[in-house]
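See structure below.
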Amino acid sequence: MADVNRGNRPLSPHLTIYRPQWTSMSSILVRITGNALIVAALMIVWWFVAAAAGPDAFATANGFVTSWFGDLVMTLSVLGLWYHLLGGLRHLVWDSGRMLDVDKSELAAQMMMVLAVLLTIFTVIVV
198 MADVNRGNRP LSPHLTIYRP QWTSMSSILV RITGNALIVA ALMIVWWFVA AAAGPDAFAT
258 ANGFVTSWFG DLVMTLSVLG LWYHLLGGLR HLVWDSGRML DVDKSELAAQ MMMVLAVLLT
318 IFTVIVV
């Protein structure tokens, strides 16, 4: 059927009135960190393959991995790993039927961010 009032209705949800929630943003970040970890895994695999290929290939790969950019990628990968792990644990809690109301879900999203940063700092200092 044709809708005669189609031109009078606003777009929903419109980007100018949509307010991002903690839960939606943390869900998006979990997906982003999962994909970003693939890049870090490929870099580590490259390092191992270069180690098996010979000293020249290893020197190139090791120079990249231990450079400031490699250190930055690895540190952000540790952050992504912790965040992705905490997101998985949050989903396990949700699957058990707990923390499903809005206030507790938003608190869990905020705690994920704080814990991921603290665990990353701890990991970088200890390792």
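Residue 308 in the working numbering sits at position 111 of the sequence shown, and the numbers go up by one each step. Beta carbons: idealized from backbone N, C-alpha and C, even for Gly.
Roughly how many angstroms lie between the CA atoms of residue i and residue j, to the nearest whole one?
i	j	result
residue 296	residue 262	40 Å
residue 288	residue 237	24 Å
residue 316	residue 214	35 Å
residue 218	residue 298	13 Å
Can you tell me whether DSSP reads residue i as helix, strand or coil?
i	result
residue 217	coil
residue 298	coil
residue 324	coil
To which residues of the same chain is residue i closer than 8 Å at the C-beta, ignoring the five residues directly before and after it?
i	result
residue 313	276, 279, 280, 283
residue 186	An answer regarding residue 186 cannot be provided, because it is not within the stretch 198 to 324 covered by the chain.
residue 293	none
Do residue i and residue j have their C-beta atoms within less than 9 Å of each other?
i	j	result
residue 323	residue 272	no
residue 222	residue 306	yes
residue 240	residue 260	no
residue 285	residue 246	no
residue 233	residue 274	yes
Skipping 5 residues on each side, what residues in its chain have a beta carbon closer than 7 Å to that of residue i?
i	result
residue 309	223, 280, 283, 284, 287
residue 220	302, 303, 306
residue 230	277, 280, 281
Under 6 Å Cβ to Cβ from residue i, same chain only, skipping five residues before and after it: list those, please.
i	result
residue 255	247, 248
At a threshold of 8 Å, does residue i count as lining the ligand FAD (C-beta to nearest heavy atom)?
i	result
residue 219	Questions concerning the ligand FAD fall outside what the structure shown contains, since it holds no ligand whatsoever.
Does any CB atom of chain B fall closer than 9 Å to the CB of residue i?
i	result
residue 277	Any reference to chain B falls outside this structure, which holds one protein chain only.
(message) I'd like the ranges of any alpha helix (DSSP H) spanning at least 4 consecutive residues and lying wholly in the stretch 208 to 294.
(response) With a minimum length of 4 residues, the continuous alpha helix (DSSP H) runs that stay inside the stretch 208 to 294 are 219 to 250, 252 to 262, 265 to 292.
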